[in-house]
Structure formats: structure tokens, C-alpha cells
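Notes to accompany the following structure.
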Amino acid sequence: MGFYVTTPIYYVNAEPHLGHAYTTIGADIMARHMRQRGEDVFFLTGTDEHGEPVAQVAEAEGVSPRELADRNVVHFKELVRRINATNDFFIRTTDERHMAEVKRFMADLHERGEIYEGTYEGWYCPNCADFKSEQELEEGRCPIHKITLEREHEQNYFFRLSHYQERLERLYAERPDFVTPKSRYNEALAFIKKGLDDVSVSRTKLRWGVPVPWDESQVIYVWFDALLNYVTALKYARDEDLTERFWPADLHLLGKDILKFHAVIWPAMLMASGVELPRRLVIHGYLLMQGEKMSKTLGNVLDPFQVMDIYGT
Numbered sequence: 001m002g003f004y005v006t007t008p009i010y011y012v013n014a015e016p017h018l019g020h021a022y023t024t025i026g027a028d029i030m031a032r033h034m035r036q037r038g039e040d041v042f043f044l045t046g047t048d049e050h051g052e053p054v055a056q057v058a059e060a061e062g063v064s065p066r067e068l069a070d071r072n073v074v075h076f077k078e079l080v081r082r083i084n085a086t087n088d089f090f091i092r093t094t095d096e097r098h099m100a101e102v103k104r105f106m107a108d109l110h111e112r113g114e115i116y117e118g119t120y121e122g123w124y125c126p127n128c129a130d131f132k133s134e135q136e137l138e139e140g141r142c143p144i145h146k147i148t149l150e151r152e153h154e155q156n157y158f159f160r161l162s163h164y165q166e167r168l169e170r171l172y173a174e175r176p177d178f179v180t181p182k183s184r185y186n187e188a189l190a191f192i193k194k195g196l197d198d199v200s201v202s203r204t205k206l207r208w209g210v211p212v213p214w215d216e217s218q219v220i221y222v223w224f225d226a227l228l229n230y231v232t233a234l235k236y237a238r239d240e241d242l243t244e245r246f247w248p249a250d251l252h253l254l255g256k257d258i259l260k261f262h263a264v265i266w267p268a269m270l271m272a273s274g275v276e277l278p279r280r281l282v283i284h285g286y287l288l289m290q291g292e293k294m295s296k297t298l299g300n301v302l303d304p305f306q307v308m309d310i311y312g313t
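Those letters in the sequence shown? Residues 1 to 313, per the working numbering, in order.
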């Protein structure tokens, strides 16, 4: 068995900021360390190119979402090169091979009865590409992007996340190191214990995404598409399928803003499909600018290329 380490894949709605370099360097350090120990290592990074944040920026700039993705991915690849990251593959979610695997995975869950059609009404943040519960809102605003949210009503498809309440609680009881540090473990477990609702996995109002395989009037929700990159990349990054050699992932490194997706929804998706779970999630905090999360959406970012030009790598 090899050692498999990943970064989250990064939105291409804008060019990279310093936080992307921070996470990628952290994963690269682990990859280099394990190679020095003689391990067979696979290090994955890449870009998340579907979803509403990308479509909105593209529309505002008068280009297609694909044109925006193709333009900005160049900068993310250049960032990887400039920091001398030793990643073994760079995945793009607009790759037809990835999209085919996402469709196959979703169709399998649908056939298993894990996905059903229903009506969703809730508070939606277009910048997070995520619905928020009442408890998550801060005076009606997204706690991350500080924008006022609108209540949306859609007919779409749902994943039976609620069916995995007990299994997720058992996972956390049996594997106390599944999420580190402990504060993030406690946060994820508390979220689970509050009770899990089924989650929407498709959108009707958005056309920029992977089509739902049995209903092409809808596209697959961007986070569902994005999470699957960790398994899809292994199928085509080399001439041979690397899944048996490297899955389950040994380490997912990610920021705390995407904890819910990785520590709750992702393991439930894998449980539903009969796929082994990753071994560990390591969660880091934010790089802050004037006390706020550094975010492309908030516009308070540092350009990593300027930092490298001044201070080197």
C-alpha cells in the first residue's frame, strides 16, 4: 500500500491567494517526508471548476464559465510550480474523465435508493454554494462571506444523509483520530449529534456542472462533484488504475470552512457506496487579514506571487 495525501481542490472563480499556497505547501511537506521514509507516495491537488461561484464571476466578466476556468487554472498550476510542490497529478473537475466517474458514482447511489427526488426550501449562499441552517446564520448572513442570504425553493434530488447518523457517530467513537485537531473533531461530532437532515445533491437553476445522469434538466451539486475528485483521480492519473495501490487516502489536508463536507457528508457518501473511508482528516485554520478569513469572495487576499517575488520561496 502507498501513502496518499491530498489538498482540497481550489475554486477558479478568481486567481490563487496566499491561503492556497499555505495548504499546498503543508501537503507537500507531508509528501516529501513520506518519500524520504521510503513510502510509495501519491500527492494530489487541483481545481474545482463547476458551480455557482464560477458561473457568477464568468457572467459578470462576459465570458463563459469554461473560459474563466481555463484562464484561472493557469495561475493555479503556476502556483504549484513556483512553490516547487511535488504533486503527482493536478486534477480539473471539468476533465471529462472525472465527470464520467462522478456520473457513475451518483447513478450507483440512485440505484441503491440512496438518492431520491424532493423539494428543498432553505437559506442558500451562492459564494459557499451551500444551503445554511437557521443555526448557522449570523443575523441572516452567511457566517463566512457576510452576505445576506435569500430563501430558495427548488425541486431537486437528495442524498439520504440522515440514514448515516448512527454510523457516523460510531465512526467517531471508534476512530478518535479520524479528524484532527481535537477541536475540529469535537466540532464535527457536535454537528452530527444535533441530528442530520438529508442534503440536496442537485440544482435546477444552474447549468454549469455535471448533468444528473438520469435527469439532465439538473446538474450535480458542486460539492458532491468536488469531493469525488479524491477517488476519481486515481482511476486515470496514470495509465493504470491506482485505486488499489493508494486508496483509502491517508491524509486529507483542508481548511476549517469545509469541515462539514469532508468530515460528515464525505464519509457518509463513501459508506453509502461501500467504499473504504479515508484514514485521517487534518484541519487547519484560516489565514486572517484584519481579523477576517482571507477569501477571494471578500476581496481581502494576498497575492502569493507578489509575496514570492519579494521574499522568495
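All C-beta atoms, glycine included, are put in the ideal place defined by N, C-alpha and C.
Note that the coordinates shown come from a computational prediction; the quantities given were computed from them, not determined experimentally.
- When the five nearest sequence neighbours on each side are left out, the beta carbons in the same chain lying within less than 8 Å of the beta carbon of residue 264 are those of 161, 168, 188, 191, 192, 196, in order along the chain.
- Straight across, the Cα-Cα distance linking residue 54 with residue 2 is about 34 Å.
- With a cutoff of 8 Å on beta-carbon distance, residue 26 and residue 253 are scored as near each other.
- Taking C-alpha positions only, residue 24 is separated from residue 295 by approximately 16 Å.
- Checking the DSSP bridge columns, you'll see residue 156 partnered with 118.
- Looking at the DSSP output, residue 47 shares a beta bridge with 10, 92.
- Here residue 42 is not near residue 95, since their CB atoms are 8 Å or more apart.
- If you compare the alpha carbons of 20, 86, 235 with that of residue 33, the shortest gap goes to 86.
- Residue pairing from DSSP places residue 123 in a beta bridge opposite 132, 151.
- Taking a 10 Å sphere around the C-beta of residue 290, we find fewer than 16 other C-beta atoms and assign the residue as exposed.
- Between the alpha carbons of residue 202 and residue 281 lies a distance of about 26 Å.
- Setting aside the 5 residues that flank it on each side, residue 218 is surrounded in the same chain by 156, 157, 202, 203, 204, 211, 212, each with a C-beta closer than 8 Å to its C-beta; the list follows chain order.
- Comparing alpha carbon positions, the residue from 283, 240, 245, 273 closest to residue 260 is 283.
- Every beta strand (DSSP E) of 3 residues or more that sits fully in the stretch 174-228 is shown, in chain order, as 215-220.
- Rounded to the nearest whole angstrom, the C-alpha separation of residue 75 and residue 237 is 21 Å.
- Distance from the CA atom of residue 240 to the CA atom of residue 39, rounded to whole angstroms, is 19 Å.
- Of all alpha-carbon atoms in 229, 301, 273, the one lying nearest the alpha-carbon of residue 91 is that of 229.
- Cα atoms of residue 11 and residue 62: separation of roughly 19 Å, rounded to the nearest angstrom.
- Taking all protein chains in view, the Cβ of residue 272 is crowded by 16 or more other Cβ atoms within 10 Å, so the residue is classified as buried.
- For residue 41, the three-state secondary structure derived from DSSP is strand.
- Restricting attention to 159, 17, 288, 174, the CA atom closest to the CA of residue 80 is found in 17.
- When the five nearest sequence neighbours on each side are left out, the beta carbons in the same chain lying within less than 7 Å of the beta carbon of residue 31 are those of 5, 41, 43, 86, in order along the chain.
- Counting along the chain, residue 283 sits inside no alpha helix (DSSP H); it lies in the beta strand (DSSP E) bounded by residues 281-284.
- Going by DSSP, residue 113 is part of no beta strand (DSSP E) at all; its letter is neither H nor E.
- Contact annotation: residue 8 and residue 220 have beta-carbon atoms that are not nearer than 8 Å.
- Taking 4 residues as the minimum length, the alpha helix (DSSP H) runs contained wholly in the stretch 226-265 are 229-236, 243-246, in order along the chain.
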